[in-house]
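Contents: one structure, followed by commentary.
2 protein chains.
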Amino acid sequence: MNSKINAKNSCPIARSLDFLGDAWSILILRDAHAGLTRFEQFRKRLGIAPTILTKRLATLTEEGILEKRVYSEHPPRDEYVLTTAGKDFLPVLFMIGDWGRKYRGDDKLVRFLDAETGTEIKPVVLDEVTGAKIGTRPIQIVEPGDE
Amino acid sequence: MNSKINAKNSCPIARSLDFLGDAWSILILRDAHAGLTRFEQFRKRLGIAPTILTKRLATLTEEGILEKRVYSEHPPRDEYVLTTAGKDFLPVLFMIGDWGRKYRGDDKLVRFLDAETGTEIKPVVLDEVTGAKIGTRPIQIVEPGDE
DNA sequence: ACTGTCACTATCAATTTGATAGTATGTTAC
DNA sequence: GTAACATACTATCAAATTGATAGTGACAGT
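These protein sequences, in sequence, are chains S and R. Once you know that position 98 of the first sequence is 117 in our numbering, the rest is easy, because the numbers rise by one and skip nothing. Once you know that position 99 of the second sequence is 118 in our numbering, the rest is easy, because the numbers rise by one and skip nothing.
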């Protein structure tokens with residue numbers, strides 16, 4: 020898919036697809052949120068070929084989702100940390116996970132707990148304005164320019 | 020990426036990646052939620068090659084996200100409608116869109132309004148149990164088997 | 001008969017993927 | 001001091017996927 024089409028699309032979903040729309044990128048982001056930062060950590064955890072990992076990390080860095088940082092001059096070592104944009108991707112990951120748990124789940128899934136209460140997190144998407152759950156009320160789509 | 024790896028993974032995010040992790044699939048789902056159902060509708064709206072569209076629709080159908088339905092015997096015509104699993108994907112689409120609006124947005128984006136109130140929808144992910152916004156509190160990851 | 005619509009399939013060049021091996025720059029153990 | 005190890009990659013290349021273009025089959029309308 021030509022990413023230049025998406026970048027100029029008026030749809031906010033399409034705009035996100037330059038890096039999303041690739042399974043490895045999503046898994047890298049997941050692991051970055053779990054605390055991984057280094058090339059070898061990602062490679063081992065994901066079982067991804069180094070060629071592909073290099074490409075994905077480069078894309079995510081260009082897209083401003085990860086940031087490359089030198090953590091050792093001698094020997095020269097780099098790590099990849101989440102930017103604010105990357106951290107803000109967490110809700111998307113949670114919703115993807117929630118869908119997977121519901122429709123691809125069985126008893127052997129990882130669980131995410133609230134560290135303070137120890138309770139399992141049940142993510143829901145609400146409209147902050149009306150307080151309604153997404154999907155329970157009709158939606159109106161407005162193209163830019165139309166009033 | 021080998022999809023069989025993801026299907027047996029203990030991570031709910033990985034389990035979702037058999038169809039997600041492809042930009043076209045996400046766009047097809049977006050348009051299905053906007054009311055499109057037919058091959059030619061998707062093809063024209065997305066500018067996708069028919070070979071690719073056939074493959075994506077087949078995958079989404081196999082995965083139980085879309086359902087193929089004959090809407091005319093003479094002439095023979097099919098359409099693709101969202102299953103419950105497909106409809107439940109809407110919150111994910113909203114969060115992807117929300118991220119895109121924040122980090123890839125400008126003034127020329129489509130807006131989503133609550134049809135009843137006419138207000139713009141501002142999606143947030145909350146933990147239904149604690150009521151806290153996702154990302155504001157530390158998370159504990161529990162592997163299956165570990166107590 | 002001819003043109004049009006719809007839901008595709010066939011063909012095939014170009015791109016992307018990803019497995020494997022190797023490299024550059026160092027540190028550590030003996 | 002040299003052999004092994006660690007990290008973050010790059011080079012190579014076969015295989016798979018992508019996607020552009022053209023065509024097909026079943027019908028409808030005029």
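Note that CB positions come from ideal geometry on N, CA and C, so glycine has one too.
Alpha helix (DSSP H) segment containing K27(R), residue limits | That residue, K27(R), is in no alpha helix (DSSP H); it is neither H nor E in DSSP.
So which residues on chain S does A42(R) lean against when the C-beta distance must stay under 9 Å?
-> M20, S22, N25, A33, L36, D37, L39, G40, D41
Compare the C-beta of T150(S) with all C-beta atoms of chain R and state if any pair is closer than 8 Å.
-> The sequence shown places Gly at residue 150(S), rather than the Thr named in the question. For G150(S), the answer is no, since every Cβ of chain R falls outside 8 Å of its Cβ.
At which residue ranges does the stretch 63 to 151 of chain S contain complete beta strand (DSSP E) runs of 3 or more residues, listed in the order of the chain?
-> 85 to 91, 96 to 101, 130 to 133, 142 to 146
For I32(R), does the three-state DSSP call read helix, strand or coil?
-> helix
Where the alpha helix (DSSP H) containing I153(R) begins and where it ends = Neither: I153(R) is in no alpha helix (DSSP H) and is coded neither H nor E.
D41(R), DSSP secondary structure in three states = strand
Compare the beta carbon distance of R75(R) and I47(R) with 8 Å and say whether it is the shorter of the two.
-> yes
Tell me whether S91(R) is buried or exposed, calling it buried when 16 or more other Cβ atoms sit within 10 Å of its Cβ.
-> exposed
Chain R contact for Q159(S) (CB, 8 Å cutoff) | yes
Interface positions of the stretch 93 to 124 of chain S facing chain R (Cβ-Cβ less than 8 Å), listed along the chain = A104, K106, D107, F108, L109, P110, V111, L112, F113, M114, I115, G116, D117, W118, G119, R120, K121, Y122, R123, G124
So is I47(R) in contact with chain S if we call contact Cβ pairs under 8 Å?
-> no
Proximity test, Cβ basis, 8 Å: P69(S) and chain R = no
Distance between beta carbons of V100(R) and L112(R), contact taken as under 8 Å = At roughly 16 Å, the Cβ-Cβ gap does not stay under 8 Å, so L112(R) and V100(R) are not in contact.
Straight-line CA distance for F38(R) to G150(R)?
-> 31 Å
Near P142(S), which residues of its chain fall below 7 Å by C-beta distance, leaving aside the five closest residues on each side in sequence?
-> F113, M114, D117
Say whether chain S places a C-beta atom closer than 8 Å to the C-beta of A51(R).
-> no
Straight-line CA distance for S44(S) to M20(S)?
-> 15 Å
Cα-Cα separation between L145(R) and I32(R), rounded to whole angstroms = 18 Å
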